[in-house]
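Protein chains: 4
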Amino acid sequence: MKVSIVGITGYSGLELLKILNNHKKVQVVSIHATKEVGQCISDIYPHLTDQCDLVIEAFDAAEIMSKSDLVFFATPSGIASHLSEPFVEAGFPVIDLSGDHRLSATSYSEWYAKEPAKQAILDQFVYGLAEFTDVKGKKFIANPGCYATATELALLPLVQAEVLEKDSSIIVDAKSGLTGAGKGLSDSSHFVNVHDNYVTYKLNKHQHIPEIEQALHLFDADLLPIQFSTSLLPINRGIVSTSYLKVKEGVSQEAVQMIFEKAYADKVFVRLSKGLPDLHQVLGTNYTDIGFQVNEKTGILTVISVIDNLIKGAAGQAVQNLNLMMGWDEAEGLPVQATYL
Amino acid sequence: MKVSIVGITGYSGLELLKILNNHKKVQVVSIHATKEVGQCISDIYPHLTDQCDLVIEAFDAAEIMSKSDLVFFATPSGIASHLSEPFVEAGFPVIDLSGDHRLSATSYSEWYAKEPAKQAILDQFVYGLAEFTDVKGKKFIANPGCYATATELALLPLVQAEVLEKDSSIIVDAKSGLTGAGKGLSDSSHFVNVHDNYVTYKLNKHQHIPEIEQALHLFDADLLPIQFSTSLLPINRGIVSTSYLKVKEGVSQEAVQMIFEKAYADKVFVRLSKGLPDLHQVLGTNYTDIGFQVNEKTGILTVISVIDNLIKGAAGQAVQNLNLMMGWDEAEGLPVQATYL
Amino acid sequence: MKVSIVGITGYSGLELLKILNNHKKVQVVSIHATKEVGQCISDIYPHLTDQCDLVIEAFDAAEIMSKSDLVFFATPSGIASHLSEPFVEAGFPVIDLSGDHRLSATSYSEWYAKEPAKQAILDQFVYGLAEFTDVKGKKFIANPGCYATATELALLPLVQAEVLEKDSSIIVDAKSGLTGAGKGLSDSSHFVNVHDNYVTYKLNKHQHIPEIEQALHLFDADLLPIQFSTSLLPINRGIVSTSYLKVKEGVSQEAVQMIFEKAYADKVFVRLSKGLPDLHQVLGTNYTDIGFQVNEKTGILTVISVIDNLIKGAAGQAVQNLNLMMGWDEAEGLPVQATYL
Amino acid sequence: MKVSIVGITGYSGLELLKILNNHKKVQVVSIHATKEVGQCISDIYPHLTDQCDLVIEAFDAAEIMSKSDLVFFATPSGIASHLSEPFVEAGFPVIDLSGDHRLSATSYSEWYAKEPAKQAILDQFVYGLAEFTDVKGKKFIANPGCYATATELALLPLVQAEVLEKDSSIIVDAKSGLTGAGKGLSDSSHFVNVHDNYVTYKLNKHQHIPEIEQALHLFDADLLPIQFSTSLLPINRGIVSTSYLKVKEGVSQEAVQMIFEKAYADKVFVRLSKGLPDLHQVLGTNYTDIGFQVNEKTGILTVISVIDNLIKGAAGQAVQNLNLMMGWDEAEGLPVQATYL
């Protein structure tokens, strides 16, 4: 299968290229960006020397459709919303890693403050949370956001199992490494400001909030709005999503264990931790590791889920979706050996 | 005034020495430890060259009482509980930075799993949360814990103002740099395991939980147990305490602002942030900076308080307590210029 | 091919397991350590969940020889020197990642201050710097040290080409991440002491000095002793070896470029950087990247070589040696996609 | 004494403000910048809340001269070269922390690639390496650069003592934290690129090279050009300057010890380390700590000097120069207690 990547020079694009380089059934035939067009990618990114010698091309939908079988968008928000149109109209498969096809037009306008894709385009896309959506045979995938992936995988089994009290909001305290904030230059990504610091940002305003609520509402339309914090850890990779959930009386540690075990019994990329998971055990892989603890004094269940934001939270899940779309082995090409050290 | 420090080689002891070296009214006359007795401290800690040439001595209560006017304990838990006895019995002033005189004997036994001080000794100690306790003229101070300080200063004004819903537990997601975990060698403090990681530990089991509950109960005996997470940030210094609080209907951002402003109007070491505070603005100082946000969708108030765990969370507050005990300028000797960069 | 790993719980052992899990021609059949015997490795190391469920076994040479075809030693120094004996005597293949079979008995005693292996055993081993030694068909490989690998690959082509002035010592200023210092607990590996610091240690006393000199002397017996600094970077992985070399008059940037190009023309794991290499371009891979600059004012050539100390500097090169011993594809199983971010 | 700071929002400007806030004889009466004019500085920098409520003003030389007694320039290179002119012409004291008045016009043009100050202006300035220049009563001080300070203090005593071989270049491998690279946004200061990395930049092209050579040549006009590397450590503060020096035959460890002891016997801000110094022992202070080792096998002396680049390497030395100019206590206002942890 031949694929093209649009937005190659962003963090997700580079990670996607790396994963696809290890994929037996896929060949990356073109890479696209707005800057550095005409340059060999390994001249700009020396880590790709001997690994990829493609030349960066300007975006050209017709050209991509002529030589590829599928296009990945790994672009900043506000771009794929428009660029995806000719592909969708032509029935040409798209996997969008950006947030542009995850929400309704109204919700997108509100949370992204950008012009949404046309509703007719949005209607074609399936939200591809790989463990919960059946994407086999689908053509247009909206790949979930990083915070959203970690949080939804922690919450969905519990919402489905109806063990949460209805009168309390779900509270999520999520943390991310700096690659999650993107490659753009700003005071908030300057090394000096991030290092030895911990900065909470976009409190209750992060654009993954409506995405998570939308996913949860599929299983329980009555859920209260969620309380959602996002903070930057002074590290490059990784998301830790800590959820505090008021459980119904009598819901025990063992009951929660059974819920998660059942939910993920046949899911290769979700693992239940014996204790609480940390980032080292998933960085470099497509895994989501989940641990939890019921506090009998407070009736609150704490769930901690950890992922590599660039892999399971972006490029890895995109490839997982590709594998599932095509009916291939779900794990093909995906990294499973953690960096660990 | 002449003072002695017991437990000089721990992180709190060293920080205390540093602060007292800048204090106009205090002279450190002896320093004590169990290891490295007989060595000049600047031979072991080169940063003290030309700043302190005291020789480390073994602990000797009688000797300390003969040459000092006050003793600081900066020892690990389980030590000051016993060593404080002769001082208390002799009416010789003690400031204990450890957790050994903060809780009742019963609670201490349960949470520290160590033998508590005698109840008669514990009865003599005042819990010195400097902004809330009047320690003037007191002789025996139990200096608050680091997580406890950050959390209590965020919560007490709100509990006092009775704006929290009674039927919901307070949820605290607290994070600390590694100096908070102490100097001991363990896998969990090995650089390789901490760096690029985020580890949640002692979930609902941290010994500062009963300390916080005890402080809150002074103002509202009916509060539910708190939900409390503690995690390690890959940094050396700093605590971020993030609290999620269900507020009564109609409690607005402005109302909370007024509560905090009133509570801390005349407190030199608590500052209200215009936005959400980060660690850089307090590291190296005795300040507690507090920011907050009411979410009108969820009715949840998020409060973030930040401190330097070794200063306001340990040695700085101990000196602040000393200043208040003695009726001196509360800020004497205490650092107020943040490291910032 | 079936292999066993002795010293599985050290950093090199875990990395080796990870690489071999991706190797098509090798199966790890047993893993050995002195601690945690009898436990499933993924119970201790959660990142290995679903990746390896071997149980840690005590060391037993006969047992290993009965079920394996080759044994890797990833043990601290001073262990393989003795444990290797029955294997060598039985003609059973050994790859030793430790320093125990790299030096003569005399030199080992001097630099490691431990009892050396018997000379008869040492005589069987080949020092396996993969780019310079022909190990095909060999049975006993002493895998090079991390600093040594980075430094020798930077220096050997220049020594061979005879472009260095004979009357000046080679000066090497090498830096390593903390995994290079091993898993042992010590003040020097405590997070608080390493973070935000830069510590030079074992100046002119590092045990890789005789290893490097021995390798260089194979090509020029007259070289002066080298000057060698080792420092700890506050990171987990990576070695940067910066060499300062007085070149003969007239040796130009272009001449050096040609020397390196020629030396590494057919070597898949050495890349010449266009500029000076940094760590990000090699971490997570088995590559050595080399950059350099001739300073015409001083006549000094600066060469910077970078590696991932756990891969090319340990487990990766060990597998590279295995591949070469067996006549397989040199790159089989070895990671080539850098973590990069 | 009343002073003004031009360039307040840069790292050096902010550090200077912090130090002067602790100085008994100095009051900062105005602060100047090109951006954020009209805003209260503590509104932009929350760490200054309650510490400084000055409003940022546009630069106006006449205004500064009317209300201040001295002006500090903490501006990027290429600015003070021109702004200093009216002050010098009016005989109004200037301390310039930038590189604009350190070099001859010719050398400045070559290394900074910017238009130099007029030669008549440059002639008025004294290069203020506080331990070597007598600045008492001087009016115009060019404050040394950060790398230059650390390196010159390591080298000057040895050059003066004539123990270095004349036929070998001095080789310096210097490393700096990111504050040394300034506040500007660029890919090279983006957190993701710096973290877990080690990047060598401006090899043999750093603008502190001519500054160091100029200082050394005052004591030995025949010295060969120096070989100088500069690299970025993934930390915020600190410079480590490692020098490799070929010493004359017979120069021993003890001889070097005596040279340094004699050179710095009465210098309060230079300390000789018993072993090799690390950054933790000087960060947060105005100290330079120096350690060294003679290698008898190679005849090479390694000297390591460490400073806090923002203090001794910039703002601290500027205040030290002020103190010396005015005949005050050299240490007034300057921090001497290391952050350490």
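Residue numbers (my numbering), protein chains in the order written: chain U, 1439 to 1779; chain L, 1439 to 1779; chain S, 1439 to 1779; chain G, 1439 to 1779.
Note that beta-carbon positions come from the ideal geometry of N, C-alpha and C, so glycine has one too.
Does the segment 1439 to 1453 of chain U come into contact with the segment 1728 to 1739 of chain U, if we say contact requires no fewer than three beta-carbon pairs (one atom in each stretch) closer than 8 Å?
no
Is DSSP giving I1482/G helix, strand or coil here?
Counting from 1 along the fourth sequence, the entry for residue 1482/G is found at position 44. Three-state result, I1482/G: helix.
Per the contact definition of three or more C-beta pairs closer than 8 Å, is the segment 1671 to 1687 of chain L in contact with the segment 1660 to 1680 of chain U?
Proximity of the segment 1660 to 1680 of chain U to the segment 1671 to 1687 of chain L meets the contact definition, three or more beta-carbon pairs being nearer than 8 Å.
Residue-level contact to chain U via CB, P1672/L, 8 Å cutoff
Counted from its first residue, the second sequence places residue 1672/L at position 234. At a cut-off of 8 Å between beta-carbon atoms, P1672/L makes contact with chain U.
At which residues does the alpha helix (DSSP H) containing I1533/L begin and terminate?
Residue 1533/L sits at position 95 when you count from the first residue of the second sequence. From DSSP, I1533/L is part of no alpha helix (DSSP H) but of the beta strand (DSSP E) over V1532 to D1534.
Using CA atoms only, rank isn't needed, just tell me which of Q1477/U, C1478/U and I1745/U is closest to T1617/U.
Here residue 1617/U is taken as the residue at index 179 of the first sequence, counted from 1. Comparing Cα positions, the closest option is I1745/U.
Contact under 8 Å by Cβ, H1655/U with Y1585/U
Your numbering for residue 1655/U matches position 217 in the first sequence. Your numbering for residue 1585/U matches position 147 in the first sequence. No. Outside cutoff.
Using the three-state DSSP reduction, which class does I1469/U fall into: helix, strand or coil?
As a position in the first sequence, residue 1469/U is number 31, starting the count at 1. Strand.
In terms of residue numbering, what span does the beta strand (DSSP E) encompassing F1666/G cover?
As a position in the fourth sequence, residue 1666/G is number 228, starting the count at 1. Element bounds for F1666/G: Q1665 to L1670.
Answer yes or no: do G1751/U and A1588/U have a C-beta to C-beta separation smaller than 8 Å?
Counted from its first residue, the first sequence places residue 1751/U at position 313. Counted from its first residue, the first sequence places residue 1588/U at position 150. Yes, they are a contact pair.
4-residue-minimum alpha helix (DSSP H) runs that sit fully inside the segment 1721 to 1771 of chain S, ordered along the chain
1754 to 1764
Would you call the segment 1753 to 1763 of chain G in contact with the segment 1694 to 1702 of chain G, where contact means no fewer than 3 C-beta pairs closer than 8 Å?
Output reads no: the segment 1694 to 1702 of chain G does not touch the segment 1753 to 1763 of chain G.
Taking C-alpha atoms, which residue in V1637/S, H1628/S and L1594/S lies nearest to Q1652/S?
To locate residue 1652/S, count along the third sequence from 1; it is residue 214. It is L1594/S whose Cα lies nearest to the Cα of Q1652/S.
Over the uninterrupted beta strand (DSSP E) stretch that includes I1457/U, give me the two end residues.
Here residue 1457/U refers to the residue found at position 19 of the first sequence. Careful: I1457/U lies outside any beta strand (DSSP E), inside the alpha helix (DSSP H) at Y1449 to N1459.
Mind pulling the chain S residues with CB within less than 7 Å of Q1719/U?
Counting from 1 along the first sequence, the entry for residue 1719/U is found at position 281. Listed along chain S are P1484 and H1485, each with a C-beta nearer than 7 Å to that of Q1719/U.
So with Cβ pairs under 8 Å, would you call S1536/L a contact of chain S?
Position 98 of the second sequence, counted from the start, is the residue given in the question as residue 1536/L. For S1536/L, the answer is no, since every Cβ of chain S falls outside 8 Å of its Cβ.
Listing by chain order, which chain U residues have their CB less than 7 Å from the CB of V1509/S?
Here the question's residue 1509/S lines up with position 71 in the third sequence. Per Cβ cutoff of 7 Å: no residues; V1509/S is ~22 Å from chain U at best.
Quick one: which unbroken alpha helix (DSSP H) runs of 4-plus residues sit fully inside the segment 1606 to 1647 of chain U? Chain order, please.
1629 to 1632
Alpha carbon to alpha carbon, how far is E1453/L from I1469/L?
As a working note, residue 1453/L is residue 15 in the second sequence. As a working note, residue 1469/L is residue 31 in the second sequence. Using only the alpha carbons, I get a separation of about 13 Å.
Which residues share a DSSP beta bridge with R1709/L?
Within the second sequence, numbered from 1, the residue matching residue 1709/L stands at position 271. DSSP, once it has assigned bridges, lists D1727/L as partnering R1709/L.
Contained alpha helix (DSSP H) runs [length at least 4] in the segment 1517 to 1584 of chain U, N- to C-terminal order:
1518 to 1521, 1523 to 1528, 1543 to 1550 and 1557 to 1560
What separation, rounded to the nearest whole angstrom, lies between the Cα atoms of F1600/G and G1729/G?
Locating residue 1600/G in the fourth sequence gives position 162, counting from the first residue. Locating residue 1729/G in the fourth sequence gives position 291, counting from the first residue. According to the sequence shown, residue 1600/G is Glu rather than Phe. Spanning the two alpha carbons is a distance of roughly 19 Å.
Cutoff 8 Å: N1635/S Cβ touching any chain U Cβ
Within the third sequence, residue 1635/S is the residue found at index 197, counting from 1. Answer no: the Cβ-Cβ gap between N1635/S and chain U never drops below 8 Å.
Just the chain S side, please: which residues come within less than 7 Å of T1668/L by C-beta, in chain order?
The sequence position of residue 1668/L within the second sequence is 230, counting from 1. Going along chain S, no residue has its Cβ under 7 Å from T1668/L, so there is no contact; the nearest lies around 16 Å.
Exposed or buried, K1574/S, counting other C-beta atoms within 10 Å across all chains shown (16 or more means buried)?
By one-based count along the third sequence, residue 1574/S stands at place 136. It is exposed - the Cβ of K1574/S has fewer than 16 other Cβ atoms within 10 Å.
Anything in chain G within Cβ reach of L1521/U, meaning under 8 Å, just list it in chain order.
Residue numbering aside, residue 1521/U sits at position 83 when the first sequence is read from its first letter. Near L1521/U there are no residues of chain G at all, since even the closest Cβ is about 25 Å away, more than 8 Å.
Inter-residue Cα distance where the pair is L1560/U and T1447/U:
Along the first sequence, read from residue 1 onward, the residue named residue 1560/U stands at position 122. Along the first sequence, read from residue 1 onward, the residue named residue 1447/U stands at position 9. So the alpha carbons of these two residues sit roughly 25 Å apart.
Would you mind stating whether L1671/U and G1615/U have Cβ atoms separated by less than 8 Å?
Indexing the first sequence from 1 puts residue 1671/U at position 233. Indexing the first sequence from 1 puts residue 1615/U at position 177. Result yes, Cβ atoms of L1671/U and G1615/U sit closer than 8 Å.
Could you check how far apart the C-beta atoms of N1581/U and I1502/U are, in whole angstroms? I think they sit under 8 Å.
Indexing the first sequence from 1 puts residue 1581/U at position 143. Indexing the first sequence from 1 puts residue 1502/U at position 64. At roughly 18 Å, the Cβ-Cβ gap does not stay under 8 Å, so N1581/U and I1502/U are not in contact.
At 7 Å on the CB atoms, spell out the chain G contacts of S1711/L, in chain order.
Here the question's residue 1711/L lines up with position 273 in the second sequence. In chain order: P1484.
Please identify, using Cβ separations under 8 Å, the residues of the segment 1599 to 1629 of chain G that lie next to chain U, in order along the chain.
L1616, T1617, K1621, L1623, S1624, D1625, S1627, H1628 and F1629
Going by the DSSP bridge assignment, what does V1441/L pair with across the sheet?
Along the second sequence, one-based indexing puts residue 1441/L at 3. V1441/L pairs with V1466/L and L1508/L.
P1531/U and K1577/U - do their beta-carbons sit closer together than 8 Å?
As a working mapping, residue 1577/U is identified with position 139 in the first sequence. As a working mapping, residue 1531/U is identified with position 93 in the first sequence. Yes, Cβ-Cβ distance for K1577/U and P1531/U is below 8 Å.
Quick test of your reading: H1633/L and F1629/S, contact by CB under 8 Å. State the CB separation rounded to the nearest angstrom.
Locating residue 1633/L in the second sequence gives position 195, counting from the first residue. Locating residue 1629/S in the third sequence gives position 191, counting from the first residue. Confirmed, about 7 Å.
What does DSSP give as the partner residues of V1678/U in its beta bridges?
Reading the first sequence from its first residue, position 240 is the one you call residue 1678/U. For V1678/U, which the question treats as bridged, DSSP gives the partners K1613/U and V1744/U.
Contact check, D1538/L vs A1512/L, beta carbons under 8 Å:
Taking the first residue of the second sequence as 1, we reach residue 1538/L at position 100. Taking the first residue of the second sequence as 1, we reach residue 1512/L at position 74. No.
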